[in-house]
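Notes follow the structure.
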Amino acid sequence: MKKWIWLVITIVIAASVGGYAYARHSQNEKLYSDAMDRASLQISNKRYIAAETAYTNALKRKPNDEKATRLLSQTQNFMAANDLFNQRQFAGAKNSYQSVVATKNGNETLKGRANDRLKLVKTIQGNLKRYNKLYSQALNETGEGNYAQSNSTLDKILSDTAIKQTYYKTIYNKAKQLQTKNNAALNGTAATSSSSDFESSTSNSSTQNTPNVAPSSSASLTSSEQKAADAYKGSNEYTVNPKQNEIDGQSITAAQVNTARHEISAAGIDSNAMSDQDVKNIIKGAHNNNESVGQYVKEKY
């Protein structure tokens, strides 16, 4: 009789343990599935940082999961490609977009968007090649004193319907500057100079017109401002509520901050003037508003 009772107790305990383990497994599977679905939805909404966070959460439920790892890598490659594209580093962007497209069993939405960008990059690179060739020709004509002919060549650049797009800002500005020089020479209001001198001057000025390039600290600050700048460390994470640095319970990473800085700069805002905490606040604000970082800063700054 006692053996029978112990047998029943053993079966009950085993069933309880097994039931608990099964319940835990089922809950973990659901959390993993929810994170993966959330990542896919965020990609559809073009909220790639949020998608990256969701895939990371999925991997916490299933460490080393092949699918989550693959999709996370594809998403990060797409984000990196966008950063390079926004910085007008088109060759690097092209390689990263190709990696996104080449991902086997990857997210099809990302593949489609990467393919669209690859077509755009091809068009941009073709235009840049043509514009630069024409500019070199015009520069040589200016150097030979053929100012009217140089303007005629420049007009092939400046009259093109695509030239005022942001992708061509550098070559557009150079063409306008050379045109101004030609006009001054034709009107007799400027001394002639070699094309190499002009090219050097435009190269030097491009640094001054480039956003987010830090100037000499002593060039524009008073002594008191300089002391304040030296004392500022660029980050104040420890003076705020920790939840301000979290999205869905996950801490905002340094990689997310760097990616957001690129998006902020691409939106025409000087991200170098912002502390890490400022950037984290923007990331969180964009997340809460269901917007991209670029959209958010354009509205708020």
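Just so it is clear: in the sequence shown, position 111 is 96 by the numbering used here, and no numbers are missing.
The beta carbon of each residue, even a glycine, is placed where N, CA and C say it ideally should be.
Model, not experiment: these values are computed from the prediction.
### Message
Measuring straight from C-alpha to C-alpha, what distance separates F75 and A133?
### Response
Counting from 1 along the sequence shown, the entry for residue 75 is found at position 90. Counting from 1 along the sequence shown, the entry for residue 133 is found at position 148. Spanning the two alpha carbons is a distance of roughly 33 Å.
### Query
From what residue to what residue does the alpha helix (DSSP H) around Y33 run?
To locate residue 33, count along the sequence shown from 1; it is residue 48. Bounds of the alpha helix (DSSP H) holding Y33 are Y33 to R46.
### Element boundaries [alpha helix (DSSP H), containing A65]
Residue mapping note: residue 65 aligns to position 80 of the sequence shown, counting from 1. Here the alpha helix (DSSP H) through A65 covers E51 to N71.
### Message
Between the alpha carbons of S250 and Q262, how many angstroms are there, rounded?
### Response
Stepping through the sequence shown from its first residue, residue 250 is reached at position 265. Stepping through the sequence shown from its first residue, residue 262 is reached at position 277. So the alpha carbons of these two residues sit roughly 16 Å apart.
### Query
How should T138 be labelled, buried or exposed, when 16 other C-beta atoms within 10 angstroms of its C-beta is the threshold for buried?
Position 153 of the sequence shown, counted from the first residue, corresponds to residue 138. Of the other Cβ atoms in all chains shown, 16 or more fall within 10 Å of the Cβ of T138; this residue is therefore buried.
### Query
Which two residues bound the contiguous alpha helix (DSSP H) that contains A147?
Counted from its first residue, the sequence shown places residue 147 at position 162. Neither: A147 is in no alpha helix (DSSP H) and is coded neither H nor E.
### Query
Can Y69 and S81 be called in contact, C-beta distance under 9 Å?
On the sequence shown, position 84 is the one that residue 69 refers to. On the sequence shown, position 96 is the one that residue 81 refers to. This sequence places Leu at residue 69; Tyr is not what is there. Result yes, Cβ atoms of L69 and S81 sit closer than 9 Å.
### Rounded C-alpha distance that separates G279 from K118
By one-based count along the sequence shown, residue 279 stands at place 294. By one-based count along the sequence shown, residue 118 stands at place 133. Each residue's Cα considered, the two are about 33 Å apart.
### Task
Thinking A53 and A66 are a contact (beta carbons under 8 Å), I'd like their distance in whole angstroms, please.
Here the question's residue 53 lines up with position 68 in the sequence shown. Here the question's residue 66 lines up with position 81 in the sequence shown. With a Cβ gap of about 20 Å, A53 and A66 do not count as contacting.
### Message
What does the Cβ neighbour count give for K107, buried or exposed, with the cut at 16 atoms within 10 Å?
### Response
As a first step, residue 107 must be located in the sequence shown, where it is residue number 122. The residue in question, K107, is exposed, as its Cβ has fewer than 16 Cβ neighbours within 10 Å.
### Query
If we ignore side chains and look at the alpha-carbon of each, how far apart do T151 and L143 end up?
Reading the sequence shown from its first residue, position 166 is the one you call residue 151. Reading the sequence shown from its first residue, position 158 is the one you call residue 143. About 14 Å.
### Task
Pick helix, strand or coil for I249, following the three-state DSSP scheme.
As a position in the sequence shown, residue 249 is number 264, starting the count at 1. Correct three-state label for I249: helix.
### Task
Assign K104 to one of two classes, buried (16 or more other C-beta atoms within 10 Å of its C-beta) or exposed (fewer than that).
Counting from 1 along the sequence shown, the entry for residue 104 is found at position 119. With fewer than 16 Cβ atoms within 10 Å of its Cβ, K104 is classed as exposed.
### Task
Determine the direct distance from the alpha carbon of L124 to that of I232, and round the result to whole angstroms.
Taking the first residue of the sequence shown as 1, we reach residue 232 at position 247. Taking the first residue of the sequence shown as 1, we reach residue 124 at position 139. The straight-line gap from Cα to Cα measures roughly 52 Å.
### Query
Roughly how far, in whole angstroms, is the beta-carbon of I28 from the beta-carbon of N92, given that I think they are within contact range, below 8 Å?
Mapped onto the sequence shown, residue 28 falls at position 43. Mapped onto the sequence shown, residue 92 falls at position 107. Right, their Cβ atoms sit about 6 Å apart.
### Query
Which partner residues of S236 appear in the DSSP bridge assignment?
Counting from one through the sequence shown, the residue named residue 236 turns up at place 251. DSSP, once it has assigned bridges, lists E231 as partnering S236.
### Query
Comparing alpha-carbon positions, which option in K283, V282 and H272 lies nearest R32?
Mapped onto the sequence shown, residue 32 falls at position 47. Answer by Cα proximity: H272.
### Query
Roughly how many whole angstroms lie between the Cα atoms of Y153 and L113?
For the purposes of this step, residue 153 is identified with residue 168 of the sequence shown, where counting begins at 1. For the purposes of this step, residue 113 is identified with residue 128 of the sequence shown, where counting begins at 1. For Y153 and L113, the distance between alpha carbons rounds to 7 Å.
### Task
Could you check if Y286 is buried or exposed, using at least 16 other CB atoms within 10 Å of its CB as the buried criterion?
Sequence index remark: in the sequence shown, residue 286 carries index 301 (1-based). Classification of Y286: exposed, given that the 10 Å Cβ count is below 16.
### Task
With a threshold of 16 other CB atoms inside 10 Å of the CB of Y223, please say whether the residue is buried or exposed.
Here the question's residue 223 lines up with position 238 in the sequence shown. For Y223, the predicted model reports a pLDDT of 40, less than 50, meaning its position is unreliable; a value from the coordinates is still stated below. The residue is exposed, with fewer than 16 neighbouring Cβ atoms inside 10 Å.
### Task
Compute the Euclidean distance between the alpha carbons of M259 and N172, then round it to the nearest angstrom.
Here residue 259 refers to the residue found at position 274 when the sequence shown is read from its first residue. Here residue 172 refers to the residue found at position 187 when the sequence shown is read from its first residue. Approximately 46 Å between the Cα atoms of the pair.
### Message
On the CB-based measure, 16 or more other CB atoms within 10 Å of its CB, does T127 come out buried or exposed?
### Response
One-based indexing of the sequence shown puts residue 127 at position 142. So T127 ends up on the buried side.
### Query
Under 9 Å, do N42 and Q235 count as touching if we go by C-beta distance?
Residue numbering aside, residue 42 sits at position 57 when the sequence shown is read from its first letter. Residue numbering aside, residue 235 sits at position 250 when the sequence shown is read from its first letter. Yes, they are a contact pair.
### Message
Quick check: Q241 and T38, are their CB atoms within less than 9 Å of each other?
### Response
The residue labelled residue 241 in the question sits at position 256 within the sequence shown. The residue labelled residue 38 in the question sits at position 53 within the sequence shown. Against a cut-off of 9 Å, the Cβ pair of T38 and Q241 comes out as a contact.
### Message
Quick check: the Cα distance between R46 and Y281, rounded to an integer number of angstroms?
### Response
What you label residue 46 is simply residue 61 of the sequence shown in a count that begins at 1. What you label residue 281 is simply residue 296 of the sequence shown in a count that begins at 1. Between R46 and Y281, the C-alpha separation is close to 31 Å.
### Task
Look at the alpha carbon of N257 and the alpha carbon of R246, and state the distance between them as a whole number of angstroms.
Translated into positions along the sequence shown, residue 257 becomes position 272. Translated into positions along the sequence shown, residue 246 becomes position 261. The alpha-carbon atoms of N257 and R246 are separated by roughly 8 Å.
#### Entry: For S203, three-class secondary structure by DSSP
Residue 203 sits at position 218 when you count from the first residue of the sequence shown. Any reading at S203 needs caution, since the residue's pLDDT is 38, under 50, leaving its predicted position unreliable; the model's value is listed next. Residue state, collapsed to three classes: coil.
### Between the CA atoms of Y157 and K149 - distance to the nearest angstrom
The count along the sequence shown starts at 1 and reaches residue 149 at position 164. The count along the sequence shown starts at 1 and reaches residue 157 at position 172. Spanning the two alpha carbons is a distance of roughly 7 Å.
### Task
Leaving out five residues on either side along the sequence, give the residues of the same chain with a beta carbon under 8 Å from the beta carbon of M64.
The residue labelled residue 64 in the question sits at position 79 within the sequence shown. These residues qualify, in order along the chain: Y33, I34, E37 and T244.
### Task
Whole angstroms is fine: what's the gap from Y116's alpha carbon to Q122's?
Sequence index remark: in the sequence shown, residue 116 carries index 131 (1-based). Sequence index remark: in the sequence shown, residue 122 carries index 137 (1-based). If you take the alpha carbons of Y116 and Q122, they lie about 10 Å apart.
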